[in-house]
Structures are given as C-alpha cells and as structure tokens.
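Just below is one structure, and these are the notes that go with it.
Number of protein chains: 2
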Amino acid sequence: MTARPANAHQARLLRLLRDGGPNSRARLGDEVDLSRSKLAVEVDRLLETGLVVADGLAASRGGRRSHNIRLAPGLRFLGIDIGATSVDVAVTNAELEILGHLTQPMDVREGPVAVFEEVLTMVGKLRDSGLAEGFDGAGIGVPGPVRFPEGVPVAPPIMPGWDGFPVREALSQELGCPVRVDNDVNLMAMGEQQAGVARSVQDFFCVKIGTGIGCGIVVGGEVHRGTTGSAGDIGHIQVDPEGRRCACGNRGCLEATFSGAALARDAESAARDGRSPELSSRLERAGRLTAADVAGAAAAGDATSLDLIREGGARTGQVIAGLVSFFNPGLVVISGGVTGLGHTLLASIRTQVYRRSLPLATGNLPIVLGELGQAAGVTGATRLISDHLFSPA
Amino acid sequence: MTARPANAHQARLLRLLRDGGPNSRARLGDEVDLSRSKLAVEVDRLLETGLVVADGLAASRGGRRSHNIRLAPGLRFLGIDIGATSVDVAVTNAELEILGHLTQPMDVREGPVAVFEEVLTMVGKLRDSGLAEGFDGAGIGVPGPVRFPEGVPVAPPIMPGWDGFPVREALSQELGCPVRVDNDVNLMAMGEQQAGVARSVQDFFCVKIGTGIGCGIVVGGEVHRGTTGSAGDIGHIQVDPEGRRCACGNRGCLEATFSGAALARDAESAARDGRSPELSSRLERAGRLTAADVAGAAAAGDATSLDLIREGGARTGQVIAGLVSFFNPGLVVISGGVTGLGHTLLASIRTQVYRRSLPLATGNLPIVLGELGQAAGVTGATRLISDHLFSPA
DNA sequence: CGTCTTTGTCCTGGCGCTGGAGAAAGTCTG
DNA sequence: CAGACTTTCTCCAGCGCCAGGACAAAGACG
Numbered sequence: 007m008t009a010r011p012a013n014a015h016q017a018r019l020l021r022l023l024r025d026g027g028p029n030s031r032a033r034l035g036d037e038v039d040l041s042r043s044k045l046a047v048e049v050d051r052l053l054e055t056g057l058v059v060a061d062g063l064a065a066s067r068g069g070r071r072s073h074n075i076r077l078a079p080g081l082r083f084l085g086i087d088i089g090a091t092s093v094d095v096a097v098t099n100a101e102l103e104i105l106g107h108l109t110q111p112m113d114v115r116e117g118p119v120a121v122f123e124e125v126l127t128m129v130g131k132l133r134d135s136g137l138a139e140g141f142d143g144a145g146i147g148v149p150g151p152v153r154f155p156e157g158v159p160v161a162p163p164i165m166p167g168w169d170g171f172p173v174r175e176a177l178s179q180e181l182g183c184p185v186r187v188d189n190d191v192n193l194m195a196m197g198e199q200q201a202g203v204a205r206s207v208q209d210f211f212c213v214k215i216g217t218g219i220g221c222g223i224v225v226g227g228e229v230h231r232g233t234t235g236s237a238g239d240i241g242h243i244q245v246d247p248e249g250r251r252c253a254c255g256n257r258g259c260l261e262a263t264f265s266g267a268a269l270a271r272d273a274e275s276a277a278r279d280g281r282s283p284e285l286s287s288r289l290e291r292a293g294r295l296t297a298a299d300v301a302g303a304a305a306a307g308d309a310t311s312l313d314l315i316r317e318g319g320a321r322t323g324q325v326i327a328g329l330v331s332f333f334n335p336g337l338v339v340i341s342g343g344v345t346g347l348g349h350t351l352l353a354s355i356r357t358q359v360y361r362r363s364l365p366l367a368t369g370n371l372p373i374v375l376g377e378l379g380q381a382a383g384v385t386g387a388t389r390l391i392s393d394h395l396f397s398p399a
Numbered sequence: 007m008t009a010r011p012a013n014a015h016q017a018r019l020l021r022l023l024r025d026g027g028p029n030s031r032a033r034l035g036d037e038v039d040l041s042r043s044k045l046a047v048e049v050d051r052l053l054e055t056g057l058v059v060a061d062g063l064a065a066s067r068g069g070r071r072s073h074n075i076r077l078a079p080g081l082r083f084l085g086i087d088i089g090a091t092s093v094d095v096a097v098t099n100a101e102l103e104i105l106g107h108l109t110q111p112m113d114v115r116e117g118p119v120a121v122f123e124e125v126l127t128m129v130g131k132l133r134d135s136g137l138a139e140g141f142d143g144a145g146i147g148v149p150g151p152v153r154f155p156e157g158v159p160v161a162p163p164i165m166p167g168w169d170g171f172p173v174r175e176a177l178s179q180e181l182g183c184p185v186r187v188d189n190d191v192n193l194m195a196m197g198e199q200q201a202g203v204a205r206s207v208q209d210f211f212c213v214k215i216g217t218g219i220g221c222g223i224v225v226g227g228e229v230h231r232g233t234t235g236s237a238g239d240i241g242h243i244q245v246d247p248e249g250r251r252c253a254c255g256n257r258g259c260l261e262a263t264f265s266g267a268a269l270a271r272d273a274e275s276a277a278r279d280g281r282s283p284e285l286s287s288r289l290e291r292a293g294r295l296t297a298a299d300v301a302g303a304a305a306a307g308d309a310t311s312l313d314l315i316r317e318g319g320a321r322t323g324q325v326i327a328g329l330v331s332f333f334n335p336g337l338v339v340i341s342g343g344v345t346g347l348g349h350t351l352l353a354s355i356r357t358q359v360y361r362r363s364l365p366l367a368t369g370n371l372p373i374v375l376g377e378l379g380q381a382a383g384v385t386g387a388t389r390l391i392s393d394h395l396f397s398p399a
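Protein sequence lines correspond, in order, to chains V and E. In this note's numbering, each residue's number is its place in the first sequence (first place is 1) plus 6. In this note's numbering, each residue's number is its place in the second sequence (first place is 1) plus 6.
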C-alpha cells in the first residue's frame with residue numbers, strides 16, 4: 007500500500023508538487039504560509055514515507071542554491087475511460103503526465119465482464135511495455151450515473167448489465183490499488199480543469215457531445231454530482247415538443263435531435279434521399295456513416311453536412327443558453343467525439359448562447375473547445391484518484 | 007461594534023446556539039468534539055465578549071444540573087427584502103426568530119433613494135415599537151443580480167437607477183452596523199433552508215414566481231451565485247420559439263409566458279374577451295387584475311383561470327424539468343407571490359417534471375411549496391448577515 | 001444518608017509551532 | 001581573489017495550546 011499524507015499540510019504540498027512540478031523547499035514555503043521549521047518537518051516526513059524524493063539542486067535565486075524535491079518518480083496512476091463505443095487506458099506519473107495511452111473500440115453494452123477483461127489486457131500491455139511495475143491508484147469513468155461514495159453505476163440507460171456492478175471493488179481487487187469511479191463526463195471536466203482550458207476556473211461546465219450528450223459541472227473547483235449522481239444528464243432536455251421520439255420515451259430530447267448517433271442517422275437519411283452526393287458516395291464506400299463522415303463532408307464543403315451541424319449546434323446552443331442563465335458559469339467547454347465538427351459547431355452554439363442569455367451572464371463568457379481531446383477523460387481519471395490519495399488519510 | 011468570534015470553534019458554537027436554541031455546555035460538548043477544558047475556555051471567552059450569556063439551569067440528565075447558555079437576548083438582526091412591488095422589513099433576535107415584521111407596497115423603480123427613505127422609515131417604526139434599540143447587523147435582498155463581495159447591484163433589468171448603487175455601504179452608514187446584500191431569490195432559498203422546508207437539505211433550488219421568475223441555487227449547503235452574480239436568472243429561458251415577445255428582446259421567455267405580471271395580463275385579456283364571467287366581474291370591480299384575482303377566481307371554480315394556471319405551471323415545469331436533469335437536486339421549492347395558486351400550480355409543475363426528467367433524478371425528488379411565505383426573504387436576509395457575523399473575524 | 005451519575009474546574013504533562021541564531025553555500029563587486 | 005551580501009537550511013529555546021486525569025460540586029435514587 008502506498009503511503010498517504012498524514013495531515014492537510016502534507017496533502018497541500020503533494021498537490022502543489024503535482025500541479026507545479028518539482029520545486030524547492032523555499033519556493034514551497036512562499037506558497038503555503040508555514041514557518042520554515044514546520045515546512046522542513048513536513049517535507050522530511052514526506053521524504054521518509056517515500057512519496058517525495060530529493061531531486062538535485064535548484065537554480066540560485068541570488069544566494070545559496072536550494073535542494074529541489076519532487077514527487078516520487080516511480081509513482082504510477084492509471085486512468086481508464088470507458089465510453090459508449092471505446093475504451094481508453096493511460097498511465098501517468100505522479101504529475102499526471104501521460105506516459106502511455108491505448109485506445110480500443112468496444113461496445114459498453116457487452117457488459118462489465120467483457121469490458122473488464124479488455125481493460126485488464128490493455129493494462130497488461132502498458133505494464134509489459136515497461137511504463138509501470140505496479141499502480142498506486144486508478145481512476146475509472148463510465149458512461150452513466152454513478153453512486154460516487156460506493157463507486158457503483160446506478161440505473162445506467164446505455165449500459166445494461168452494469169447496474170449495481172461493483173466497479174470499484176472489482177477493479178481494486180484486480181489491480182491491488184485504490185480505485186475511484188465516476189461518470190465519464192465528470193472526469194472529462196476534471197481533465198480540462200487539470201491540464202486543459204479550464205485551469206484556474208472555479209465555476210464552469212464541460213459539455214461532451216459524443217454518442218450521447220452529457221455535461222460535467224464544476225462548482226467552486228469541485229465536481230457537482232447531484233443527489234443521486236445523475237447531475238449533468240442534459241441529453242434528455244426537451245428542445246422540440248414536436249421532435250423525434252427518443253429512446254427514453256419522450257419527444258424531442260436534445261440527444262435524439264443532435265448527438266453522434268443522431269447525426270449519423272440524419273446523414274444516412276440525407277445520403278439515401280440524394281440530398282448530398284458527397285454523403286451518398288461516402289455511404290456507398292463504407293456501408294454506413296458516422297459523425298466523422300459528416301465532419302469530413304463538411305470540410306469538403308458539403309452544404310447538407312454543414313446544415314446538419316449548424317442545426318445541431320443551434321439546438322445544443324439553445325439548451326446551453328438556458329443552463330448558462332441558470333448557472334452563470336465562467337467558462338463553457340465543448341468536447342467529445344464531435345471535435346471534428348469543430349468551429350462550425352462552436353460558432354453555431356455561440357450564436358445561440360450569446361443571443362439568448364442575458365448580457366450580464368454572457369458578457370465575459372468564453373465558449374471554447376476542449377484542448378485535450380482523447381486525453382481529457384483519462385487525465386481526469388488520474389486526477390480523481392490522485393486527489394483522493396493526496397488527501398489526509 | 008458588536009464582538010465577533012475569534013476562531014472557528016467559537017463560530018461553530020454560535021451557529022449551534024442560533025440554530026438549536028439555548029443549550030448546556032455538556033450538550034454542546036456532545037456536538038463539537040472538543041475536550042471539556044477547551045470547550046469551557048471558548049465558552050468563557052464568548053461570555054466575556056457578551057455574545058452569549060448564562061441562562062439558568064438546564065433540566066437534569068440524571069446527575070448534576072448544567073448551566074445553560076444562550077445567545078445574548080439583546081442581539082437584533084434586521085432583514086430587508088426589497089421586491090419588485092413591495093418592501094418587507096423584519097427584526098429578529100439572534101436565533102433568527104421574527105419579533106416584528108412590516109410590509110409596504112412600493113415600486114422598486116422609484117429608485118434607491120426613495121426606497122431607502124421608505125425602508126428607513128419602516129426601520130424607525132420597528133425601533134420605536136421597542137423591539138430593538140440598535141441593530142447588530144442587517145441583510146438586504148434586491149430583485150436583481152448583485153456583485154456579492156461589494157454588495158452592489160449590477161445591471162439589474164427591472165430596477166433602473168440601482169445599477170452600481172452602493173447599497174451595502176449606504177445602508178451600513180445609515181444603520182451603523184454591518185450589512186450584506188444579496189439577490190432576493192437567494193435569500194428566499196436561505197430562508198427556507200434556515201427555517202422552512204429545506205432544513206438539512208444540502209442541494210436544492212428554490213423557484214420564486216412573483217412579478218418575475220427567479221431561482222435560488224444551493225450547492226453543498228452554500229448559495230451558488232455564479233461568476234457575475236446572475237445565477238438563477240431563469241426567467242428568460244425560452245419555452246416557446248413562437249411565443250410572446252419579451253421585454254428582454256427575445257421571444258417566448260418563461261417570464262413572458264408565465265409570471266405574476268404575465269398572468270395578470272392574460273387574465274385581463276380573457277376578461278375582456280368575455281371568456282370568463284368571473285374574471286370579467288372582478289375586472290369591473292377593481293379596474294385591473296392581479297395574480298391574486300386569478301387565484302381567487304380559480305378557487306371559485308372558474309375554468310379559464312384554472313386553465314391559465316395549469317398552462318403556466320406546465321411551462322414552468324418544463325423549465326424545471328430541464329434544470330432537474332442538469333442539477334439533480336434533492337428538493338425543489340416553489341415559492342413567491344403566487345403561492346395563492348397553490349396546489350393547482352404545484353400539481354401541474356410536478357406532472358411535467360416527473361414526466362420529463364429521468365426516473366433516477368426524480369425518483370426521490372420532493373417538489374413542494376415554500377412554507378415561510380412572506381417571511382422567507384427576511385429570514386434569509388438575517389441568516390445571511392448572521393452567517394457573516396458568526397464567522398471568524 | 002450513602003452511593004452513583006453528571007457537570008464543572010483545576011492542573012500537569014506533552015506536543016507542536018514560531019522565530020531567532022547561526023552555519024552553509026552561492027553570488028557579486030571591486 | 002577576498003570580502004560583503006544574499007539565500008537556504010538546521011538547530012534550539014521558549015511559548016501557547018490542548019487533552020485528559022483528578023477532584024469538587026450538585027443532584028438523582030434507593
């Protein structure tokens with residue numbers, strides 16, 4: 007079992023070293039407001055536990071050079087991101103820098119046993135490639151609501167068979183290290199907060215448009231999970247009373263109108279109706295269409311594809327506008343599999359939000375694409391577990 | 007200047023005495039996890055400052071009777087709630103029990119100077135009636151966004167002339183005590199949390215349907231104000247793309263479709279068109295109609311009024327359903343001037359929310375009317391200032 | 001009236017922290 | 001290159017805080 011900090015001071019120091027990299031005692035002292043002696047004592051204790059190690063001399067600040075310290079270079083965290091149609095696994099060091107990353111297409115509906123098997127194979131590969139001998143902690147995201155304290159999915163609509171499956175317990179057994187489980191969108195938000203566009207933003211949300219649509223909410227720097235762990239589930243907000251029937255039983259849900267799945271469906275239908283030669287030819291080649299095809303067609307100037315994206319962006323923007331009025335965030339991040347749709351989508355969303363929300367709320371509100379892409383989820387997962395391990399036992 | 011607690015322990019004790027009433031050292035010791043000696047020291051210091059006083063002997067718990075202590079009985083907090091069309095002022099003791107309460111119709115658009123004059127007159131009346139000699143703190147709510155740290159309204163749509171007016175500074179000067187300013191809806195939420203239906207709920211929101219529509223958001227027991235102080239501004243979420251034009255410039259805003267003002271407007275129009283004899287006769291008697299008339303007519307069985315309420319409730323429920331999906335609260339409180347519409351409105355809102363949001367979010371979600379009515383705002387205001395004063399200096 | 005329980009006070013020993021003194025290690029200037 | 005200045009780091013004395021035991025006070029109970 008890896009050591010844990012014994013008090014809040016040590017936890018604070020560990021997080022500073024995680025987020026700011028190796029540093030000297032003197033500089034750490036500038037940030038934590040402890041007396042030199044106290045700081046020295048706590049650092050010495052951390053050195054004893056092995057969580058941090060000496061790391062040579064720092065550059066001089068005009069006097070005696072100080073001894074750097076850093077988080078133990080051998081620490082390894084595992085980030086696992088189970089999406090609807092793929093699995094990502096990554097290894098990071100204690101500074102949450104990704105050392106190795108694997109992606110594998112996989113349908114989450116195959117159930118927890120099959121998915122776990124795949125995940126463990128991928129973990130094995132990463133281990134065999136020499137990146138890690140063992141793991142000090144793992145974070146895992148699943149595409150559905152999670153009862154966070156227990157680390158168990160609850161009533162997940164798109165992942166039958168996972169309801170109540172003891173993800174945390176099982177994974178902890180297999181890996182022999184502490185594990186935390188969260189919703190994949192929450193982790194994506196944490197990833198952008200840790201290493202992406204949302205650094206230093208206290209209140210924001212992160213809209214993930216992938217197979218479905220979800221939203222990670224950060225309030226005061228902390229993820230808001232809601233009473234039953236289903237906060238951020240915006241895919242079934244109604245955008246059109248006359249809209250399509252959704253799998254959830256209602257009409258005109260955002261997710262039924264625009265999402266990776268809905269976009270592919272609409273593109274295929276446009277291709278069949280002959281409304282877009284570009285899409286038709288792509289359909290003929292591949293046998294089916296995906297959001298990526300629409301992105302490609304749009305990039306090639308296909309008007310129908312551009313319209314689909316604009317229309318979807320407008321619907322999404324309509325929902326986001328409402329949430330912005332309600333929540334008044336300092337930033338909105340758009341991310342997920344549809345990043346290929348990029349700036350066309352973004353422009354369309356922005357138009358709606360800036361038009362519909364009040365000036366006070368939008369006046370200084372950046373709406374941006376996430377900058378981590380595939381890495382957001384796994385980065386957030388390692389952030390989740392490291393936050394846990396770098397807190398007093 | 008009233009004394010302030012010197013540390014977090016004292017602050018904790020003061021809040022326990024505020025929320026739990028007079029208590030003995032022994033019982034307090036059961037709750038705060040301090041050694042007897044430490045507790046005795048802190049209590050003695052509080053006694054020295056005069057914030058708490060001895061209050062006789064408690065009942066025996068099977069041994070020596072203990073000496074009760076309570077918050078100083080002479081402490082007085084002032085709660086001021088400035089609504090769009092009325093002003094409420096109340097005096098409470100340190101336990102936030104209302105000792106005196108005045109209401110006065112007043113249009114906030116008359117501007118800060120006129121409103122302040124009125125408020126000070128009301129305060130004078132309360133003082134003269136012997137309820138208080140001076141005030142130890144005051145909380146004030148205004149119907150618009152507030153830059154909370156400075157206590158200044160920002161860009162308030164319905165209160166021209168208030169933008170940038172230094173409410174906190176000015177009131178503090180006049181009253182000679184510390185003052186905190188917040189949005190009126192946030193205070194209403196805090197009121198229900200302090201003394202109403204939301205006691206012990208950590209995550210909820212409180213929808214106020216009055217002249218306009220707003221929403222107080224509580225996350226983890228704390229009010230969420232948003233980046234620019236405009237969080238909860240849900241009146242301008244679009245509910246109908248083809249709907250009425252709203253004062254904000256958009257179409258189909260919730261507030262344009264249903265609110266105290268919209269309801270009165272629709273009722274008058276129904277009365278003129280002869281769709282409702284009941285409303286017509288009320289219009290004839292009074293010259294104009296208000297939400298209260300609609301409530302009265304509905305109580306008398308008027309079908310048109312009932313339809314108006316049902317339709318409005320459905321629109322409101324539609325918006326709340328979306329917010330419930332997003333936020334996953336543990337409770338939704340409906341309050342404000344329309345409480346007269348009561349259970350018809352509530353039923354209509356519930357129907358929408360339970361139908362539209364996912365079962366996981368609504369499974370155990372009470373949607374209830376606020377139980378404090380007029381007192382919610384002023385209670386929240388005194389809670390605001392007492393939270394401030396009962397925190398370490 | 002004696003015993004038991006609860007409450008409140010006093011006191012001692014221990015722990016942890018602050019901040020000064022001073023040594024160690026470097027930079028910089030003439 | 002020597003000496004002065006700066007920064008870093010260690011050591012230590014002294015102070016303050018606090019836990020927890022001993023004991024006294026007050027009352028319940030039989």
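All residues carry an ideal CB built from backbone N, CA and C; glycine is no exception.
Against residue 254 of chain V, the close residues of chain E are 364, in the order they occur along the chain (beta-carbon pairs closer than 8 angstroms). Within the region 337-366 of chain V, the runs of alpha helix (DSSP H) at least 4 residues long that lie entirely inside it are, in chain order, 348-362. Beyond the five residues adjoining it in sequence on each side, residue 303 of chain E comes within less than 6 angstroms, by CB distance, of 284, 285 and 311 in the same chain, given in chain order.
In the DSSP assignment, the residues bridged to residue 94 of chain E are E/87 and E/109. For residue 238 of chain V, the nearest CB of chain E lies under 9 angstroms from its own CB, placing it at the interface with that chain.
Contact between the region 107-121 of chain V and the region 62-72 of chain V is not established, with fewer than three Cβ pairs separated by less than 8 angstroms. Look at residue 230 of chain V here: in three-state DSSP terms it is coil, with no helix or strand label. Per DSSP, residue 326 of chain V is one residue of the alpha helix (DSSP H) stretching across 309-333. Among the residues of the region 335-362 of chain E, those with a Cβ less than 9 angstroms away from any Cβ of chain V are 335, 336, 337, 361 and 362, in the order of the chain.
About 5 angstroms separates the beta carbons of residue 186 of chain E and residue 391 of chain E, which is inside the 8 angstroms limit, making them a contact pair.
Counting the other Cβ atoms within 10 Å of the Cβ of residue 44 of chain E gives fewer than 16, which makes it exposed. Contact check between the region 230-249 of chain V and the region 342-360 of chain V: fewer than three CB pairs, one atom from each, fall below 8 angstroms, which does not count as touching. Counting C-beta atoms within 10 angstroms of its own C-beta, residue 307 of chain E has fewer than 16 neighbours from the protein chains shown and is therefore classed as exposed. Listed along the chain, the chain V residues whose CB falls inside 9 angstroms of the CB of residue 209 of chain E are 230, 232, 233 and 237. Interface flag for residue 226 of chain E against chain V is set, since a Cβ pair is found closer than 9 angstroms.
The beta carbon of residue 171 of chain E sits no closer than 9 angstroms to any beta carbon of chain V.
Per the Cβ contact rule, the region 380-388 of chain V is in contact with the region 94-104 of chain V (3 or more Cβ pairs under 8 angstroms). Secondary structure note for residue 306 of chain V: it is in no alpha helix (DSSP H), with a DSSP letter that is neither H nor E. For the region 147-158 of chain E, the set of residues with a beta-carbon nearer than 7 angstroms to any beta-carbon of chain V comprises 151, in chain order. Here residue 159 of chain E is bridged, per DSSP, to E/152. DSSP, read as helix, strand or coil, puts residue 220 of chain E in strand. When only Cα atoms are considered, residue 97 of chain V and residue 39 of chain V end up about 33 angstroms apart.
Taking 9 angstroms as the cut-off, the Cβ atoms of residue 217 of chain E and residue 266 of chain E count as close. Distances from the alpha-carbon of residue 173 of chain V to those of V/163, V/164, V/154 and V/191 put V/154 closest.
Nearest to residue 198 of chain E by C-alpha distance, out of E/377, E/17 and E/396, is E/377. Scanning its chain for C-beta atoms nearer than 7 angstroms, with the 5 sequence neighbours on each side dropped, one finds around residue 42 of chain V the residues 35, in chain order. Annotation: residue 122 of chain V is outside any beta strand (DSSP E); the continuous alpha helix (DSSP H) that includes it extends over 118-134. Proximity of residue 15 of chain E to chain V, defined by a Cβ-Cβ separation below 9 angstroms, is not satisfied. Around the beta carbon of residue 325 of chain E, a 10 Å sphere encloses 16 or more other beta carbons of the protein chains shown; the residue is thus reported as buried.
Against residue 380 of chain V, chain E offers no close residue; the least beta-carbon distance is about 26 angstroms (beta-carbon pairs closer than 7 angstroms). The closest CA to that of residue 59 of chain V, considering only V/191, V/25, V/321 and V/100, is found on V/100.
At least one CB of chain E lies nearer than 9 angstroms to the CB of residue 221 of chain V. Listed in chain order, the non-local C-beta contacts of residue 135 of chain V below 8 angstroms within the same chain comprise 106, local neighbours out to five positions each way being set aside.
Distance from residue 359 of chain V to residue 368 of chain V at the Cβ level is roughly 6 angstroms; contact confirmed, criterion being Cβ atoms closer than 8 angstroms.
In this structure, the CA atom of residue 252 of chain V is about 16 angstroms from the CA atom of residue 322 of chain V. Here DSSP, grouped into helix, strand and coil, assigns residue 192 of chain E to helix.
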